[in-house]
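Visitor: Here's a structure for you.
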Amino acid sequence: MTLLRPYSADAALGRARGRYLADALVLAGMAALFWLLVRLAHGVNAPFNRVSAPSSVSTDPAALPYYAARSLLRMFVALGASTLFTLVYATAAARLRRAEKVLVPILDVLQSVPVLGFLSVTLTMWLTLFPHSVLGVECASVFAIFTSQAWNMTFAFYQSLVTQPRELDEAARALRLTRWQRFWKLDVPNGMIPLVWNAMMSFGGGWFFLVASEVISVNNHTYALPGIGSYVASASEHGQVGRMLLAVVVMVAMVIGVNAVFWRPLTAWAERFRVENAVAAEVPRSVMLALLRRSALPALAGRGLRPVGRTLDRLTRPFGLAEYPLQEHPRRRRAGDAAFVVAVTALVGWGLWRMLGYVERHTGLGEFGHAFLLGLATLGRVMVLLVASSLVWVPVGVWIGMNPRVSRYAQPVVQVLASFPANFLFPLFTLLLIRTGISIDVGGIFLMALGAQWYILFNVIAGASAIPTDLREAVTSLGLGRRQRWRSLIMPAIFAAWVTGAITAAGGAWNASIVAEVVSYRHTTLTAYGLGAYITQSTAAGNFARTLVGVSVMSVYVVGLNRLLWRRLYRLAETRFSLQQG
Amino acid sequence: MAHTIRDRSAPLIEVDDVCKSFPGAGGAEFVVLDHVSLTLDEGEIVALLGKSGSGKSTLLRSMAGLIAPTSGEVRYRGEVLRGANPGVGMVFQSFALMPWLTVQANVELGLQARGVAAGERRARALAAIDVIGLDGFESAYPKELSGGMRQRVGFARALVLEPDALLMDEPFSALDVLTAENLRNELTVLWARPEFPTKAICIVTHNIEEAVILADRVLVLGANPGHIRAEVAVRLPRPRDRRSAGFEATVDQLYAILTGRDEQSSAARIASPGPLTHPLPAASVGGLAGLIEIVYAHDGRADLADLAGELSFEVDDLLPLVDAAVMLGLLEVRGAQASLTSTGRAWYTADILASKEIFAGVAAERAPLVRTIVKALENSEDGTLRDDFFRDLLRGGYAADDIERQLDIAIDWGRYGELFDYDADSGELVLSAAVPGR
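Residue numbers (my numbering), protein chains in the order written: chain U, 18 to 599; chain W, 629 to 1066.
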């Protein structure tokens, strides 16, 4: 691999001495990590009492590093869980013909469901599982982050499995690899790049859920976990603006730090799994990865693990070859299919019936109408948000994207902005709303936009920078004016990127409405008229039936919009405004 | 030569009355292979030669146990296949190497699948790498290698398993001419060695000369649906000389078979040609004009094999053009000889407007799908029809991809002849206001 050879860090480290230095650094890093884990693990398993559990945490700045570390641990545990889930679920969906029919639609719906609404339900579940330890609340928080990461990653990996190059699939089968071998030699490496990039994006989105889930209000009781999200919540409760700002700085440092020591090296390493034989235009690089490659320790560890790999290879042999049976009985297959469809339909119908019955008994089915009306208000907010952010950020994004020098500096900044959890800033902006007297019904749009708008900017930059130079030169040589330039080149060229950004932004905004339509600072609570507020309030009051109604209605809105609007725009973008020719 | 001495009697792989159909668009079945039988015996090299769409790759894949025949069976040493054929090594057109594994790891992969211990695996892989001329590249990744070197890895990966039969799917067609020639020669040298463990080779190709250089037997496949049209035994001594009279005669014979009337294809069995039985050959108007120009430059007569050689074209590139020119009545083909018709001559020598008129005339008369579209548009109320109408029409005879291809060709021809226009946004075909030539 020549990827990392021309690299300044390499030159700075001398030959042999650099080696030892690298070893020493890697060793020290591993020791520090280990120590941290042991310390944190102690806190996670602390005893817990439902009644006396703390509803807020200390706002002492000295505690902030520990809180930050606890938050980080939650993020990584969730990432690990998401990865495991991805590998199992996506493989099942791609390899089991009948399972695919159920698993993929489920994933599609889960992607659109506002998971924050379910936080309370899952908390009750986890508290029952771990009644005497903080672990229950911890699990609920981790689960919330997991739900924000897993679906995207699973979808990406599933896509890579079903679009696997046909000849690689045939080669694997002709070589008669076992299932286990095929998974590790073909499936995982082939899906590595989409998996890593999606994990990175989802991780960025996960911060939002971390902040939202460290303080959970359910059934008229509030549970607070030690973490940076709860720190901000406490500081806001006490009106300590200085400490809130401090937490913002720590948060930014965390986002950048994780990016530098984890995601950059990982994406740079994943480049080796690129299938195209052409070299990518811009290869991600990482100092951290260069350091690891210098050191002999990773290779040593790898050699130590080899017997384990060999044993697993042998143990998994009985699972058989990665083959589909050539002969099938069409009649038996069709009968099986029919039985499967009947069973699934019955199950779904029964579940729906039970749910409606539950809602009828506890609040009445009329709540659905009420919720749909509230949904219209939130829908209006989402739409205003999209239009306003597009008007502001499309010109800026185009300007940045078409100036390579600007975009080199702006891109990383926008990336941090996009993964910075916007709800972190909610208390500060709530204060602003209270001071200025702006209604939350309007201000809510602004709060929702804090996080969502960056997706539009981010994608438009990418789209604008991908406009081929020859097209730009052609437009210049034709002497088109500014308006014509926008009409004939820029708008069509960035359309696909804008659609992608707007879809992501809309999804983010729906989810954000759950935390943005009810906000508080000190003892003032602002509540907007909308579906998000409805869900939050019914959750806090412990009215599960209403939460269910709210979440279902919001899912219907999101899925409906996807089908009716976004998917059509997307198809238009792909067929009519694609830059690929032929 | 060693291979001729080998036992020819024992069948290694038998394909017995195999049909293969894929579900086409709208529930219609799309037949790729139609009652095909063949045997691969020990000691022989068999070439499967055909145009694209003749199902030759599908046939090879069913021999490898990678796809299941819809009816009929494939046997390896008398045993019906129920999964990947255990006795074959596959070589792919696109190499199909795992890009994330080194050369060594790629070659070892098949041994690992058989549970060979690490030490022996390593030794055997190194030996295979040595035989195939890859020394020094063991730790390289495929993307660092040239196409020829990659295909060597492909060969090493197949041969390290010491398979009974080597199945190759157009193994040289992604390589440049010289590299391909070089690899072909090395393969024949390996094959001639008495200690070479592989007992038979089956190669899919659309290159006639390649088939004649390598094979003891050439099976010519016809399309629509795929079937075996002819079997030609090649009894030339090895190494084979391209300039020998016998070689040239065999090449010409194969050309004649490939361009000749195919009695068994569904097209020949039906009296009136329609868009379902007579697909438009995949030829652009520009390509057609180029072909006619070249034949015209040869005084209106040309040998197809010479023409292909001159242009360094392969059958897949040249034959669709020839087929289209014949369909439109611009060329006549007898044996391997093509000659310009009077229409062809008129089309080439006319000025641009007149040539468009001539083309419009022949396309609307002789190209079945173009004629169908023009008729349908004329009979419609406002001379406008949605493309989906014609998609539905084609559904009975083609797979989804082919439907699009047929429509694209028809639209290309119709647009050039100004017979009708197509609005890609609304998906509507519109009859041109003043149809020239009528």
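Virtual Cβ for every residue (Gly too), placed ideally from N, Cα, C.
Is the CB of E340 (chain U) under 9 Å away from at least one CB in chain W?
Guide: Numbered from 1 along the first sequence, position 323 holds the residue referred to as residue 340 (chain U). Yes, contact with chain W.
Visitor: Between the alpha carbons of G599 (chain U) and Y175 (chain U), how many angstroms are there, rounded?
Guide: Counting from one through the first sequence, the residue named residue 599 (chain U) turns up at place 582. Counting from one through the first sequence, the residue named residue 175 (chain U) turns up at place 158. Only weak support exists for where G599 (chain U) lies, its pLDDT of 42 falling under 50; the coordinates are left without a value.
Visitor: I'd like to know whether the C-beta of D1040 (chain W) is nearer than 9 Å to at least one C-beta of chain U.
Guide: Position 412 of the second sequence, counted from the first residue, corresponds to residue 1040 (chain W). No, because no Cβ of chain U sits closer than 9 Å to the Cβ of D1040 (chain W).
Visitor: For P853 (chain W), count neighbouring C-beta atoms within 10 Å of its own C-beta (all shown protein chains included) and say buried if the count is 16 or more, exposed if not.
Guide: Residue 853 (chain W) sits at position 225 when you count from the first residue of the second sequence. Looking at its Cβ environment, which holds 16 or more other Cβ atoms inside 10 Å, P853 (chain W) is buried.
Visitor: Any idea what DSSP makes of F1048 (chain W), helix, strand or coil?
Guide: As a working note, residue 1048 (chain W) is residue 420 in the second sequence. F1048 (chain W): strand per DSSP, three-state reduction.
Visitor: Using a C-beta to C-beta distance shorter than 9 Å, which residues of chain U count as neighbours of L737 (chain W)?
Guide: As a first step, residue 737 (chain W) must be located in the second sequence, where it is residue number 109. Going along chain U in sequence order, the residues near L737 (chain W) (Cβ under 9 Å) are A188, A189, L192, L194, Q198, K202.
Visitor: Quick check on A167 (chain U): does DSSP put it in helix, strand or coil?
Guide: Residue 167 (chain U) sits at position 150 when you count from the first residue of the first sequence. Three-state result, A167 (chain U): helix.
Visitor: Residues of chain W with a CB under 9 Å from the CB of F290 (chain U): which are they?
Guide: Position 273 of the first sequence holds residue 290 (chain U). In chain order: P727, W728.
Visitor: Assuming A1038 (chain W) contacts I986 (chain W) (C-beta within less than 8 Å), just tell me the rounded distance between them.
Guide: In the second sequence, the residue the question calls residue 1038 (chain W) occupies position 410. In the second sequence, the residue the question calls residue 986 (chain W) occupies position 358. The pair is not a contact, with the Cβ atoms about 18 Å apart (cut-off 8 Å).
Visitor: Tell me which same chain residues have a C-beta within less than 7 Å of the C-beta of L203 (chain U), skipping the five on either side of it?
Guide: On the first sequence, residue 203 (chain U) is found 186 positions in, with the first residue counted as 1. Excluding residues within five positions, the ones whose Cβ falls inside 7 Å are L185, A189.
Visitor: What distance in whole Å lies between the Cβ atoms of V477 (chain U) and W410 (chain U), which are believed to be in contact at a cut-off of 8 Å?
Guide: Position 393 of the first sequence, counted from the first residue, corresponds to residue 410 (chain U). Position 460 of the first sequence, counted from the first residue, corresponds to residue 477 (chain U). Their Cβ separation, rounded to whole angstroms, is 6 Å, which keeps W410 (chain U) and V477 (chain U) in contact under 8 Å.
Visitor: Grouping DSSP H, G and I as helix and E and B as strand, with all else coil, what is P865 (chain W)?
Guide: As a position in the second sequence, residue 865 (chain W) is number 237, starting the count at 1. Of the three classes helix, strand and coil, the one that applies to P865 (chain W) here is coil, per DSSP.
Visitor: Please report the residue range of the alpha helix (DSSP H) in which T686 (chain W) lies.
Guide: Counting from 1 along the second sequence, the entry for residue 686 (chain W) is found at position 58. Here the alpha helix (DSSP H) through T686 (chain W) covers 684 to 691.
Visitor: M726 (chain W) by DSSP, collapsed to three states: which one?
Guide: Against the second sequence, residue 726 (chain W) aligns to sequence position 98. M726 (chain W): coil per DSSP, three-state reduction.
Visitor: Helix, strand or coil for E1009 (chain W), going by three-state DSSP, please let me know.
Guide: As a first step, residue 1009 (chain W) must be located in the second sequence, where it is residue number 381. Coil, per DSSP.
Visitor: How would you list, in chain order, the residues of chain W whose beta-carbon sits under 9 Å from the beta-carbon of R334 (chain U)?
Guide: Translated into the one-based positions of the first sequence, residue 334 (chain U) becomes position 317. Within chain W, the residues near R334 (chain U) are G743.
Visitor: Between the stretch 439 to 451 of chain U and the stretch 221 to 230 of chain U, do three or more beta carbon pairs fall short of 8 Å?
Guide: Touching, yes.
Visitor: Of all the options U:P131, U:L133, U:A157, which has the alpha carbon lying nearest to the alpha carbon of M13 (chain U)?
Guide: Here chain U comprises residues numbered 18 to 599, so residue 13 (chain U) is not present and cannot be evaluated.
Visitor: Distance, Cα to Cα, G60 (chain U) vs L101 (chain U)?
Guide: As a working note, residue 60 (chain U) is residue 43 in the first sequence. As a working note, residue 101 (chain U) is residue 84 in the first sequence. C-alpha separation (whole angstroms): 25 Å.
Visitor: Does the pairing of the stretch 424 to 433 of chain U with the stretch 246 to 255 of chain U give three or more beta-carbon distances under 8 Å?
Guide: They do not touch, by the three-pair rule.
Visitor: Could you please give me the residues that DSSP links to T145 (chain U) through a beta bridge?
Guide: Counting from one through the first sequence, the residue named residue 145 (chain U) turns up at place 128. Answer is none; T145 (chain U) lacks a bridge partner.
Visitor: Check for me: the alpha helix (DSSP H) holding I760 (chain W) runs from which residue to which?
Guide: For the purposes of this step, residue 760 (chain W) is taken as the residue at position 132 of the second sequence. From DSSP, I760 (chain W) is part of no alpha helix (DSSP H); its letter is neither H nor E.
Visitor: At least one CB of chain U closer than 9 Å to the CB of G711 (chain W): is that the case?
Guide: Reading the second sequence from its first residue, position 83 is the one you call residue 711 (chain W). Output row for G711 (chain W): interface = yes.
Visitor: Taking I641 (chain W) as part of the beta strand (DSSP E), name the residues at either end of that continuous run.
Guide: What you label residue 641 (chain W) is simply residue 13 of the second sequence in a count that begins at 1. Unbroken beta strand (DSSP E) run through I641 (chain W): 639 to 651.
Visitor: Give a yes or no on whether 9 Å exceeds the smallest Cβ distance from L185 (chain U) to chain W.
Guide: Against the first sequence, residue 185 (chain U) aligns to sequence position 168. For L185 (chain U), the answer is yes, since a Cβ of chain W falls inside 9 Å of its Cβ.
Visitor: Under 9 Å between the Cβ atoms of M718 (chain W) and E187 (chain U)?
Guide: Position 90 of the second sequence holds residue 718 (chain W). Position 170 of the first sequence holds residue 187 (chain U). Yes, these two residues count as a Cβ contact at 9 Å.
Visitor: Using the Cβ count rule (16 or more neighbours within 10 Å means buried), how would you classify S494 (chain U)?
Guide: Working through the first sequence from its first residue, we reach residue 494 (chain U) at position 477. Counting Cβ neighbours within 10 Å, S494 (chain U) comes out exposed, since fewer than 16 surround it.
Visitor: Got a sec, what are the start and stop residues for the beta strand (DSSP E) S699 (chain W) sits in?
Guide: Working through the second sequence from its first residue, we reach residue 699 (chain W) at position 71. Per DSSP, S699 (chain W) belongs to the beta strand (DSSP E) from 699 to 704.
Visitor: Write down the C-beta distance between A469 (chain U) and A529 (chain U) rounded to the nearest angstrom, noting that I regard them as a contact closer than 8 Å.
Guide: Indexing the first sequence from 1 puts residue 469 (chain U) at position 452. Indexing the first sequence from 1 puts residue 529 (chain U) at position 512. Indeed they touch by this definition, with Cβ atoms about 6 Å apart.
Visitor: Going by the C-beta, is V159 (chain U) closer than 8 Å to any heavy atom of the ligand FAD?
Guide: This structure simply doesn't include the ligand FAD, nor any ligand for that matter.
Visitor: Step through the CB atoms of chain W and report whether any lies within less than 9 Å of the CB of M419 (chain U).
Guide: Start at 1 with the first residue of the first sequence, and residue 419 (chain U) comes out as number 402. For M419 (chain U), the answer is no, since every Cβ of chain W falls outside 9 Å of its Cβ.
Visitor: Taking CB distances under 9 Å as the criterion, tell me whether R350 (chain U) reaches chain W.
Guide: Numbered from 1 along the first sequence, position 333 holds the residue referred to as residue 350 (chain U). Judged by the 9 Å Cβ criterion, R350 (chain U) is not in contact with chain W.
Visitor: What number of angstroms, rounded off, separates the C-alpha of E377 (chain U) from the C-alpha of R580 (chain U)?
Guide: Residue 377 (chain U) sits at position 360 when you count from the first residue of the first sequence. Residue 580 (chain U) sits at position 563 when you count from the first residue of the first sequence. Answer to the nearest angstrom: the Cα atoms are 29 Å apart.
Visitor: How would you call L565 (chain U), buried or exposed, if buried means at least 16 neighbouring beta carbons within 10 angstroms?
Guide: The residue you call residue 565 (chain U) lines up with position 548 of the first sequence. With 16 or more Cβ atoms within 10 Å of its Cβ, L565 (chain U) is classed as buried.
Visitor: Is V292 (chain U) helix, strand or coil by DSSP?
Guide: Here the question's residue 292 (chain U) lines up with position 275 in the first sequence. Note: V292 (chain U) maps to coil in three-state DSSP.
Visitor: In whole angstroms, give me the CA-to-CA distance for W819 (chain W) and R199 (chain U).
Guide: Stepping through the second sequence from its first residue, residue 819 (chain W) is reached at position 191. Stepping through the first sequence from its first residue, residue 199 (chain U) is reached at position 182. Near 31 Å, if we compare the C-alpha coordinates of R199 (chain U) and W819 (chain W).
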